[in-house]
Each structure stands twice: as C-alpha cells, then as structure tokens.
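Below is one structure, written out as structure tokens; the observations come after it.
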Amino acid sequence: MAWYPSFHWDGAFTSLEEEAIHPITGKTEMGEQFSTIKRKLEKVPYYQRAFREVFHSYEIEPYQILRALAQFTGTMVSANSKYDQVKRSQGSFTAQEASGYQLFKAKCATCHPEPLFTDFSYRNIGLPVDPFLKDYGRMLVTRKKEDSLLFRVPTLRNVLLSSNYMHDGRFMTLQQCINHYRVGIVNSATLDPLLKNGIPLSDRESADLITFLKTLTDSSFVRNPNLAKPE
C-alpha cells in the first residue's frame, strides 16, 4: 500500500492517513466517531502507554490514531512469493507456471506491470453496470464524464486470496474474472481501448495463466505475526 498514490477503487483518498478515516466513520463500515474511538483506546493500558511513548502525549488525539494506522498499513509489504523467489534466482517455475508467465506478459502486463502488478491507473474494463449500485467509479471524484465507470487497477499480488473480485465483488473465482475478459466485456463510451476486442484465451491458456497468478501468493506475508490481531 505504501506505493499507492491514491486509495479505494475510485481514488478518493490520497494518503494512508486520509484513507484510514473512511473505515472508521463510514456508515457502511464501522460507523464510529473519533470521540468514541478515543475513549475506547484510552481505557486500554497498552494503548495509553504506546501513544504516550510515541507521541509524548497523555491524551490520545484523532490525528495520532490516523498516523499510527498509516504507519502500520505502510509496513504491509508482500515480497516473498514464489514469483519473487524466482526473480531472485531462489527457485524456478514449473512448465505450466512458466507458460502462464509468458501469457501474462503478453496479455496482462500493460495494466498490471511487474513488480507491483498495477500501473495505478483507472480503467473501464467493460463490466456490465449494476443498476442497483449506481457506482460510476472515478467520475464521482473528478466529476468528469470521461471518467465514468473507470476503477482503479488493483495489484495482483496475493490475488488468489483476495476474492471477491472486481470493484463490486461480483466474481468469486479467478476463472470468472478471466472469462469476463475472454467473452464478457460490454462496450461503452469509456471502455479502455485495449479491451475493445477482449483478451482471447483458450481454456488451456486460461488454466496456465491462473497457475502463474497463484505464484504471486506470499504465504510468509499472510502468516506474518506482526500483522496479526494482537493477543
């Protein structure tokens, strides 16, 4: 996350501190107020000590909470997947993984370039519009009609573990995602030109591509006790 210039699918937030506000106060998430969070934290001896040691203050302030959250989320770095090990000459791909890697570089890397597997852009990838959500993506931030239905290109690191997929969670599996690019793209005024003709892939190529994407799973990152819920 530390490399992202903006956050959320529409890029509404431009810093980790700002991004942390919405999950706390958003009505569809925690729906809390900072005054309540402040009181809760001040009742916990650990947080009393920790905030005092770091911020040299006997009172916990909202900006301190946001700064602490930003520092923590900034430590979430995934860099030890099988893909990373291969790149460091500490391992090798299977034949199917290698085939999938070549397909990835040919078919996907324009939007998902290595090593972060995102170009940080916003694109319309031809998803049918959900009339109940009325989510128009980046346009809600920029107010520009040319940004209608554009959503952030996500990283593919640990993609096997990040279901549901797409900005609205409509797909459960990687196969469904790939099938969308193969045969499901809906044309519209802001559709990304790269996707006008979809991404032709055979069933075998789809399987190889998914096999490669699985090599982006970083088990050591997922199991890192420093990122787990405190005891």
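If you count by the numbering used here, then the sequence shown holds residues -11 to 219, one letter each, in order. Glycine is no exception: its CB is placed at the ideal position from the N, C-alpha and C atoms. On a predicted model such as this, the values are computed, not experimentally measured, just so you know.
Asked	Found
First and last residue of the uninterrupted alpha helix (DSSP H) at V129	127 to 130
The stretch 201 to 213 / the stretch 148 to 155 touching (three or more Cβ pairs under 8 angstroms)	yes
contact_flag[the stretch 177 to 197, the stretch 77 to 93] where n(CB pairs < 8 angstroms) is 3 or more	yes
Rounded separation between L189 and M154 - CA only	20 angstroms
contact_flag[the stretch 169 to 181, the stretch 21 to 41] where n(CB pairs < 8 angstroms) is 3 or more	no
Simplified DSSP state of F81, which is helix, strand or coil	coil
Cross-strand partners of N112 (DSSP beta bridge)	L179
Contained alpha helix (DSSP H) runs [length at least 4] in the stretch -7 to 32, N- to C-terminal order	4 to 13, 22 to 30
Endpoints, the alpha helix (DSSP H) within which Y71 is located	70 to 75
Beta carbon of W(-9) nearer than 7 angstroms to that of R140	no
Where F105 sits in the DSSP three-state scheme	coil
P(-7) vs F105 beta-carbon contact at 7 angstroms	no
Alpha-carbon to alpha-carbon, Y46 and Q21	20 angstroms
Proximity to P103 [Cα-Cα], best of E7, S3, L144, E134	L144
Contact check, L138 vs R126, beta carbons under 7 angstroms	yes
First and last residue of the uninterrupted alpha helix (DSSP H) at E47	E47 -> no alpha helix (DSSP H), and no H or E assigned at all.
Neighbour-count burial assignment, L121, 16 or more Cβ in a 10 Å radius	exposed
Straight-line Cα distance separating K95 from N185	12 angstroms
Range of the contiguous alpha helix (DSSP H) that encloses N167	162 to 167
Short Cβ contact (7 angstroms threshold) for T205 with S69	yes
Between the CA atoms of T2 and M(-11) - distance to the nearest angstrom	11 angstroms
Spatial distance of L179 from N167 (CA atoms)	17 angstroms
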